[in-house]
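The opening residue of the sequence shown carries number 78 in my numbering; numbering runs sequentially from there.
The beta-carbon is built from N, C-alpha and C at its ideal position, and this holds for glycine as well.
These figures come from a predicted structure and were not determined experimentally.
Structure, as structure tokens:
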Amino acid sequence: MTDKLGNGVEKTTTDVTVVSTPGQSVVVNKIYRRCPLGVQGIVFSTDLMEFPFRKFDLVLGMDWLVEHQVSLDYASKWVTLKIVEGSEIIMAGKRRNYFSNVTSVMVIKKLVRKGCEAYLAYVLDVNGNSSAVDIREFPDVFPRELLGLPPNCEVEFGIVLFPGTAPVSITPYHMEPNELQEQKVQLQELLDCGFIKPSVSPWGAPVLFVIKKDGSLRIGDLFNQFRGVTVFSKIDLRSGYYQIKVKETDVSKIKF
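Structural data, given as structure tokens:
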């Protein structure tokens, strides 16, 4: 090591304990004086100590950074050094593609088995309970269970057809066994509450389930089939649609 650096080695007056970023500590007592460090053709003289940290080729301490008035621009990835003549040396780092850091579980497992260090972090939503407080303050607006059919209102939901329109009946969508079971449960609950009733209408639309944020299933509203409509008013926050009664003459058209 002494031959490579080109100058003699000296012993420090006291032992120096150095702790690396991963938490390793080592005691050193040798220093290499006036080692040449070349940066863009300019040679700096610096004193070095040998550490057994293989992850780092060279660590420049605070004394060296202060001596040469080093400044870092993290946004531009620039490092600026002051030299004796009063001019500056600017080094530009390479910008990384941070998406290249995405890897698979299998690769991570292999790296951990090889002894690589791993850290697990997650994002915590500190404002997640604000909406829950509002819901508890207005139980009449956000009931846990719907108490019955919507009240009689001046406006009722109607379905206007073009003259000569024939009944439309669409073949049910394919469902997984768990979806079929969930469909039976939800339909039975709606029947027990009186929200729906058996029908032999020639009209018919298939049921489509949508996964909610909590992982449960709900019957989809199929708003995407409204051909480009993206704005809806008076949306009920519980079921995703505004709940008003259907005109008695149009009940047969909403069979599912």
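Residue environment for residue 286: buried (at least 16 other C-beta atoms within 10 angstroms of its C-beta).
Per DSSP, the continuous alpha helix (DSSP H) segment holding residue 140 begins and ends at 139-144. By the CB criterion at 8 angstroms, residue 167 and residue 119 fall outside the cutoff. When the beta-carbon positions are compared, residue 105 and residue 130 stay at least 8 angstroms from each other. If you draw a 10 Å sphere on the C-beta of residue 109, you find 16 or more other C-beta atoms in it, and that means buried. With the rule of 3 Cβ pairs closer than 8 angstroms, the region 261-276 does not count as touching the region 232-244. Rounded to the nearest angstrom, the Cβ distance from residue 107 to residue 86 is 5 angstroms, consistent with a contact under 8 angstroms. Residues 157, 158 and 159 of the same chain have their beta carbon placed closer than 8 angstroms to that of residue 165, with the five preceding and five following residues left out of the count. Counting along the chain, the unbroken beta strand (DSSP E) around residue 168 starts and ends at 165-169. The continuous beta strand (DSSP E) containing residue 116 extends over residues 102-116.
The DSSP-derived three-state label of residue 253 is coil. Between residue 249 and residue 275, the C-beta gap is not smaller than 8 angstroms, which leaves the two residues out of contact.
Rounded to whole angstroms, residue 95 and residue 103 show a C-alpha spacing of 5 angstroms. If you check the CB distance, residue 281 and residue 324 do not come in under 8 angstroms. Residues 195 of the same chain have their beta carbon placed closer than 8 angstroms to that of residue 188, with the five preceding and five following residues left out of the count. Between residue 133 and residue 201, the alpha-carbon positions lie close to 33 angstroms from each other.
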